[in-house]
Each structure stands twice: as C-alpha cells, then as structure tokens.
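Okay, so here's the structure we're looking at.
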Amino acid sequence: MAKRMKAYLRRWILWIVLPMLGSVWAVVTYLTFWTADGRQDLGLVGWIVITVMIVLAGVMLWLMASGRLPTYILEMEIEDDDAP
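Numbers 64 to 147, taken from our numbering, label the letters of the sequence shown in order.
Printed below as a string of structure tokens:
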C-alpha cells in the first residue's frame, strides 16, 4: 500500500528568492529604459516578456512556500507487519 505525502518549500526560501527576482527585474528595467544599447537590443516587447516570466516565477514560488502548491508529491510504500 502506498501513502502519498505532499512536500512544500520552506518559507525562508521565499524571503531569499523574491528579493533576488526583484533585483534581476530592476537591473533589466534599468538596462532597457536608461541605456541606449538596452533600448535597441531588448526593446519594450522583450522587457514585457521578461517581466511576465519573472512575475510568474515569483507567483509559483509564493504558492509553493505558502502551502498551496506542492513542490513534490512523494509516494511511500508501507509494509504490512501481518503479512505471512
């Protein structure tokens, strides 16, 4: 018989990763709008795509750390002691 268990991320991972994602977004925004090379290379459409990807990653991490979305689903075999 298999028993299913759900595993979630620790809350402290959220406290570390979200500021990192925010820092990456701030650097991308700075390079896109305040440098000439960034405006030519990335452009507004590229900045929107990167922003959406960062927001989706942040939402996914928040759901995993808050206990709403499991990170792993573990199946553990339970041995019967009464079996011959």
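We treat Cβ as the ideally placed atom computed from N, Cα and C, and that holds for glycine.
- Cβ neighbours of Thr95 within its own chain (closer than 7 Å, five residues either side excluded): Gly101, Arg102, Leu105 and Trp110.
- Taking 9 Å as the cut-off, the beta carbon of Glu140 is found no closer than this to the beta carbon of Lys69.
- Secondary structure in the stretch 78-147: the beta strand (DSSP E) runs of 3 residues or longer, each lying completely within the stretch, are 135-140 in chain order.
- Checking the DSSP bridge columns, you'll see Met68 partnered with Leu137.
- Shown here, Arg74 sits in a helix according to DSSP, grouped into three states.
- Around the beta carbon of Leu72, a 10 Å sphere encloses 16 or more other beta carbons of the protein chains shown; the residue is thus reported as buried.
- Trp88 places its beta carbon less than 9 Å from that of Ile117.
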